[in-house]
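Report on the following structure.
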Amino acid sequence: MTVTFRCPRCEQTVKATLTPMMTSLECPQCQATASVPEGAMSVGEAEGKDQVAPSQKGRRASSHWQLHRCLVCPSRDLFVRKDFPQRLGIAIVVVGFAGFLAANFFYLKYLAFGFLFATALIDVFLYFWVGEALVCYRCGAHYRGVEDLGDHAGFELETHERYRQMAARMAEAGVDRHEAKPEA
Ligand SMILES: [Zn+2]
Ligand SMILES: [Zn+2]
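The opening residue of the sequence shown carries number 2 in my numbering; numbering runs sequentially from there.
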């Protein structure tokens, strides 16, 4: 599992690799360390759930490595989103549309629609192919390669709004330099 976050000290966006047993998170840029909040991660069988069939008990425990809190801020509110590289998504649409326009210009109607169709198809394919990431509502940290998404749900506007307002109040009071600005 890796985390991409904005370091509170040097304010760079950095990426770090996580291990289940780690007790502190170090910024690769400025070497600032922050201790991992208690109970932030758990490794082992999913608690209280029937996710583990008896026959699977012998599997490596790390296959149930869950993240319960953000290691950076340490909020408990994380949401699941498709880890779709947005630039790639936009690039595909732009190329597809350019192809459509070019084909149209040369009166190649079938080719034009072929471009549109291919673009849509690639998007659908990518959607199913890409993995899922956990994102922190509060600080926008991205967790990739999460093995077990646990109880985390998809994006909720209500929760996002709550954090946004909290961040706005804090900024007003000059308390926190972190802005709870989740990446779009
Ligand atoms: Zn740093
Ligand atoms: Zn966070």
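C-beta: ideal position from N, C-alpha, C; glycine also. Small disclaimer: the values here were computed from a predicted structure and weren't measured.
- Here the residues close to ligand 1, judged by CB distance below 7 Å to any of its heavy atoms, are Cys8, Arg10, Cys11, Gln13, Val15, Cys28, Gln30, Cys31, Ala33 in chain order.
- Looking at the DSSP output, Val136 bridges to Phe80, His143.
- Rounded to the nearest whole angstrom, the CA to CA distance from Ala35 to Ala104 is 55 Å.
- Spanning the alpha carbons of Arg7 and Leu112 requires a straight line of approximately 45 Å.
- Counting C-beta pairs closer than 8 Å gives three or more between the region 148 to 165 and the region 65 to 72, which meets the contact rule.
- Classified as exposed, Ala169 has fewer than 16 neighbouring CB atoms from the shown chains inside 10 Å of its CB.
- For Val94, the Cβ stays outside the 7 Å cut-off from all heavy atoms of ligand 2.
- In chain order, Cys8, Pro9, Arg10, Cys11, Glu27 place their CB closer than 8 Å to the CB of Ala33, counting only its own chain and leaving out the 5 sequence neighbours on each side.
- A distance below 8 Å separates the beta carbons of Phe80 and Val136.
- Annotation: the continuous alpha helix (DSSP H) that includes Glu173 extends over 158 to 174.
- Arg77 and Cys140 have their alpha carbons spaced roughly 11 Å apart.
- Short of 8 Å from the beta carbon of Gly40, and not among the five residues preceding or following it, lie these beta carbons of its own chain, in chain order: His69, Arg70.
- Beta-bridge pairing by DSSP links Val4 to Ala17, Tyr144.
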